[in-house]
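According to the working numbering, the sequence shown is numbered sequentially starting from 174.
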Amino acid sequence: MKFFIDSADIEAITEFTKSGMVDGVTTNPSIIAKSGRDFKDVIKEICSITSGPVSAEVTATNAEGMIEEGLVLSKIAKNVAIKVPLTWAGLEACKALSDKKIMINVTLCFSATQALLAAKAGATFISPFIGRLDDIGEDGMDLIRDIKTIYDNYPMLKTEILAASVRNIEHVKKAALYGADIATLPPQVVSELANHPLTDKGLKAFLDDWNDSGQKIL
Ligand code: G3P
174 MKFFIDSADI
184 EAITEFTKSG
194 MVDGVTTNPS
204 IIAKSGRDFK
214 DVIKEICSIT
224 SGPVSAEVTA
234 TNAEGMIEEG
244 LVLSKIAKNV
254 AIKVPLTWAG
264 LEACKALSDK
274 KIMINVTLCF
284 SATQALLAAK
294 AGATFISPFI
304 GRLDDIGEDG
314 MDLIRDIKTI
324 YDNYPMLKTE
334 ILAASVRNIE
344 HVKKAALYGA
354 DIATLPPQVV
364 SELANHPLTD
374 KGLKAFLDDW
384 NDSGQKIL
């Protein structure tokens with residue numbers, strides 16, 4: 174399973190990239206606004222840190238505008254993936270831009286039939302929003318399972334399932350169990366992934382015993 178970082182926090186992206194765990198980055202207009210930086214500058218900088226896909230989202234709401242913005246954003250770097258919303262205009266832009274061999278991430282997906290449309294439009298990635306479905310009392314993970322089943326029924330569909338709106342480690346585990354290709358994670362969730370109280374307890378015990386032994390490796 175691939176991990177993307179869902180953030181424009183350069184420090185966090187740089188730090189996690191050192192571990193070799195970062196396969197790409199996703200952003201959205203809210204994340205960019207929060208960064209307080211120029212959109213194109215920040216995407217360019219992220220693209221220089223990771224060679225994986227970096228999602229940059231259009232903000233036009235009609236297909237023509239999305240295509241125009243997508244073409245501009247795609248010129249920032251070779252690894253930019255254009256993010257379009259799951260609307261008919263977004264699907265039209267997805268088809269037009271993917272025909273030009275530009276990577277497309279179709280975002281704001283909340284149903285399996287939406288995911289089917291995105292795949293038919295040539296999306297590179299489909300982003301089902303897990304946490305936001307949980308927020309309204311549904312189980313976001315059911316959507317991952319449904320999309321996986323549908324895509325597996327039609328092997329000609331090459332779209333990768335990118336679990337988004339991931340809020341916790343349980344989401345990451347279930348996304349992996351149900352076969353999502355990628356999960357995009359906020360930095361805080363990435364930090365928590367390697368944590369376990371028994372790891373901390375065990376390490377402390379090992380180091381205490383080692384220190385008592387008086388030995389040194391170097
Ligand atoms: O990947 C989409 C993500 O940025 C949205 O997450 O937590 O705002 O629902 P959230």
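Just so you know, even glycine gets a beta-carbon here, dropped at the ideal spot from N, CA and C. These numbers come from a predicted model, not from an experiment.
Which residues in the same chain as residue i place their Cβ atom closer than 8 Å to its Cβ, once the five residues preceding and following it in sequence are excluded?
| i | result |
| --- | --- |
| Ile183 | Val215, Glu218, Ile219, Ile222 |
| Met314 | Ile303, His344, Lys347, Ala348, Tyr351 |
Kindly indicate which three-state DSSP category residue i falls into: helix, strand or coil?
| i | result |
| --- | --- |
| Lys248 | coil |
| Asn278 | strand |
| Asp325 | helix |
| Ser228 | strand |
| Pro258 | strand |
| Ala294 | coil |
| Leu358 | strand |
| Glu265 | helix |
| Val253 | strand |
Just to confirm before moving on: does the CB-CB distance between residue i and residue j stay below 9 Å?
| i | j | result |
| --- | --- | --- |
| Lys207 | Ile249 | no |
| Glu230 | Thr280 | yes |
| Leu264 | Gly243 | no |
Within the continuous beta strand (DSSP E) that includes residue i, where are the two ends?
| i | result |
| --- | --- |
| Thr199 | 197-199 |
| Ser300 | 298-301 |
| Asp179 | 175-179 |
| Ala336 | 333-336 |
Go through its chain and collect everything with a Cβ distance to residue i's Cβ below 6 Å, but skip five positions before and after it.
| i | result |
| --- | --- |
| Gly197 | Phe177, Gly225, Pro226 |
| Met174 | Ala349 |
For residue i, is the classification buried or exposed, using 16 other Cβ atoms within 10 angstroms of its Cβ as the cut-off for buried?
| i | result |
| --- | --- |
| His344 | buried |
| Ala367 | exposed |
| Thr232 | exposed |
| Gly193 | exposed |
| Met239 | buried |
| Pro328 | exposed |
| Asn201 | buried |
Output needed for residue i: all residues of its chain with C-beta closer than 7 Å, excluding positions within five of it in sequence on either side, in chain order.
| i | result |
| --- | --- |
| Leu289 | Ile323 |
Could you spell out the range, first to last residue, of the alpha helix (DSSP H) harbouring residue i?
| i | result |
| --- | --- |
| Ile204 | 202-208 |
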